[in-house]
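Participant:
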Amino acid sequence: MITPYQHEPLSGETYPSTLDEQLSALESDEWIRRFTRSRRRLASDQFRPLYHFSSPENYMNDPNGLCQWQGRYHMFYQFRPTGVDRVHWGHTVSNDLVHWRDLPPAIFPTTERDCFSGQTLVEDDRVVAIYHGTQSGNAIATASDPLLLNWEKHPNNPVIPGDNRSMTGADITPNNEGYRVFDPCIW
């Protein structure tokens, strides 16, 4: 087990529960300010995608967990914020699947090393995410607020324990001892 993560360099936030209050809180949110500065700085990069979504800084991979919640589309993706050595679930929202708005990272690593890909499932009153926590196992988090800003991890995570080895890919172990699987699917 690794030491719990202190969300460097920015802290995870708890956001208000109503849409109007959330939109107001995002106006002064440090993640959003940081992402806005980064997008301005990268705007002149001739190789930066213009039509397809790209992360506000550093790199992204494995877009996942696309869902529609309360009339908006949410996309999550593996994201390593600049200056941070651990993978988070990045988060963006759209009304039309073309124009995307950055939101703060959705799922931060805590006792897991990284938060790798997974899926989301929309239920009547909440969205459930399953993701792979490296060096821990598959875990669940839920959110029910309008912009899916307040994710709560299941208290019994990992719900499917792993083997605590470092995960850098889908490794086939030597001597046909088995294999490790991650990037869980919820449906």
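Residue 30 in our numbering sits at position 1 of the sequence shown, and the numbers go up by one each step.
Just so it is clear, CB atoms sit at the ideal spot from N, CA and C, and this is done for glycine as well.
Because the structure is a prediction, the values reported are computed rather than measured.
For S83 and V188, what's the separation of their Cα atoms in angstroms?
Facilitator: By 1-based counting over the sequence shown, the position of residue 83 is 54. By 1-based counting over the sequence shown, the position of residue 188 is 159. Taking the straight line joining both Cα atoms gives about 31 Å.
Participant: Please return the same chain residues whose Cβ sits closer than 6 Å to the Cβ of D174, not counting the five positions on each side in sequence.
Facilitator: Within the sequence shown, residue 174 is the residue found at index 145, counting from 1. Correct list, in chain order: S46.
Participant: Here's the rule I'm using: 16 or more other beta-carbon atoms within 10 Å means buried, otherwise exposed. How should L55 be labelled?
Facilitator: If you number the sequence shown from 1, residue 55 lands on position 26. It is buried - the Cβ of L55 has at least 16 other Cβ atoms within 10 Å.
Participant: I need the DSSP call for I169, collapsed to helix, strand or coil.
Facilitator: Reading the sequence shown from its first residue, position 140 is the one you call residue 169. Three-state DSSP puts I169 in a strand.
Participant: Taking Q97 as part of the beta strand (DSSP E), name the residues at either end of that continuous run.
Facilitator: Residue 97 sits at position 68 when you count from the first residue of the sequence shown. Per DSSP, Q97 belongs to the beta strand (DSSP E) from 89 to 98.
Participant: Quick check: the Cα distance between P184 and D153, rounded to an integer number of angstroms?
Facilitator: As a working mapping, residue 184 is identified with position 155 in the sequence shown. As a working mapping, residue 153 is identified with position 124 in the sequence shown. Straight-line Cα distance between these residues: approximately 21 Å.
Participant: Using 10 angstroms around the beta-carbon of Q35, count the other beta-carbons present and answer buried if the total reaches 16, otherwise exposed.
Facilitator: The residue given as residue 35 occupies position 6 in the sequence shown. In this predicted model, Q35 has a pLDDT of only 45, less than 50, meaning its place in the structure is not dependable enough to derive any value.
Participant: Is T121 helix, strand or coil by DSSP?
Facilitator: Working through the sequence shown from its first residue, we reach residue 121 at position 92. If DSSP states are grouped into helix, strand and coil, T121 belongs with the strands.
Participant: For F145, which residues from the same chain have a beta carbon less than 8 Å from its beta carbon, with the 5 sequence-adjacent residues on both sides left out?
Facilitator: By one-based count along the sequence shown, residue 145 stands at place 116. Here the set comprises D91, Q107, V116, Y160, H161, G162, T163, M196, F211, D212.
Participant: Starting from Q75, trace the beta strand (DSSP E) in both directions and tell me its first and last residue.
Facilitator: Translated into the one-based positions of the sequence shown, residue 75 becomes position 46. Neither: Q75 is in no beta strand (DSSP E) and is coded neither H nor E.
Participant: What's the call for G94, buried or exposed, on a 16-neighbour Cβ count within 10 Å?
Facilitator: Start at 1 with the first residue of the sequence shown, and residue 94 comes out as number 65. G94 should be labelled buried.
Participant: When the Cα atoms are used, what is the spatial distance from Q64 to W216?
Facilitator: In the sequence shown, counting from the first residue as 1, residue 64 sits at position 35. In the sequence shown, counting from the first residue as 1, residue 216 sits at position 187. Contrary to the premise, residue 64 reads as Phe rather than Gln in this sequence. Approximately 32 Å, taken between the alpha carbons.
Participant: Between which two residues does the beta strand (DSSP E) carrying Q51 extend?
Facilitator: In the sequence shown, residue 51 corresponds to position 22, counting from 1. No beta strand (DSSP E) contains Q51, which is instead part of the alpha helix (DSSP H) from 48 to 56.
Participant: In this structure, how does DSSP classify L176 when only helix, strand and coil are distinguished?
Facilitator: As a working note, residue 176 is residue 147 in the sequence shown. Here L176 sits in coil by DSSP.
Participant: What residue range is occupied by the uninterrupted beta strand (DSSP E) comprising T149?
Facilitator: Indexing the sequence shown from 1 puts residue 149 at position 120. Segment 144 to 151, the beta strand (DSSP E) holding T149.
Participant: Nearest CA to the CA of N87: which residue from T171, T140, T111?
Facilitator: Reading the sequence shown from its first residue, position 58 is the one you call residue 87. Considering only alpha carbons, the answer is T111.
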